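A.B. asks: Numbering (the working numbering), first residue to last: 1496 to 1595.
(1) Closest to residue 1567 by CA distance: which of 1574, 1545, 1560 is it?
(2) Report the start-end ranges of each beta strand (DSSP E) in the segment 1537-1569 that is 3 residues or longer and not cut off at the edges.
(3) From residue 1584 to residue 1508, what does the alpha carbon distance come to, in whole angstroms?
(4) Within this structure, are the beta carbons of residue 1570 and residue 1547 separated by less than 8 Å?
(5) By the 10 Å Cβ neighbour count, where 16 or more other Cβ atoms means buried, how is residue 1518 classified, buried or exposed?
(6) Can the beta-carbon of residue 1521 be found less than 8 Å from the beta-carbon of residue 1574?
(7) Within its chain, find whatever has a CB closer than 6 Å to the CB of residue 1525; leave out the 5 residues flanking it on each side and keep chain order.
(8) What's the C-alpha gap between residue 1513 and residue 1543?
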């Protein structure tokens, strides 16, 4: 189904493509930062632990952003820049466009 079939015009497609490219580039940048942080030695006993209950944090994909969710209490924690990515995705209408 094309964008025009969904009620979107060419200008909206241009903005969608621009936002999608920005999100992809920012996501790659944040993933590289996360990988570098994980490779550092000596993080201490708190690394990837929930600050609320001490449970293990598990990374999961939420609307294209890797977030940390506690396996104990279910709390959600965001790394630097992830809130910006989620807000940008919502502002750009990606959820609406893809039926999310």
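Glycine included, C-beta positions come from ideal geometry on N, C-alpha and C.
Predicted model only: the values in this text are computed from it and were never measured.
C.D. replies: On the basis of the coordinates in this document:
(1) As a first step, residue 1567 is located in the chain shown; it is residue number 72 there, counting from the start. Nearest of 1574, 1545, 1560 to residue 1567, Cα basis: 1545.
(2) Entirely contained in the segment 1537-1569, the beta strand (DSSP E) runs reaching 3 residues are, in chain order, 1552-1557, 1560-1565.
(3) Against the chain shown, residue 1584 aligns to sequence position 89. Against the chain shown, residue 1508 aligns to sequence position 13. Residue 1584 and residue 1508 have their C-alpha atoms roughly 14 Å apart.
(4) Numbered from 1 along the chain shown, position 75 holds the residue referred to as residue 1570. Numbered from 1 along the chain shown, position 52 holds the residue referred to as residue 1547. A distance below 8 Å separates the beta carbons of residue 1570 and residue 1547.
(5) Residue 1518 sits at position 23 when you count from the first residue of the chain shown. Residue 1518 counts as buried, since no fewer than 16 other beta carbons sit within 10 angstroms of its beta carbon.
(6) As a working note, residue 1521 is residue 26 in the chain shown. As a working note, residue 1574 is residue 79 in the chain shown. The answer is no: Cβ separation not under 8 Å.
(7) As a first step, residue 1525 must be located in the chain shown, where it is residue number 30. Result list for residue 1525: 1576, in chain order.
(8) The residue labelled residue 1513 in the question sits at position 18 within the chain shown. The residue labelled residue 1543 in the question sits at position 48 within the chain shown. Near 33 Å, if we compare the C-alpha coordinates of residue 1543 and residue 1513.
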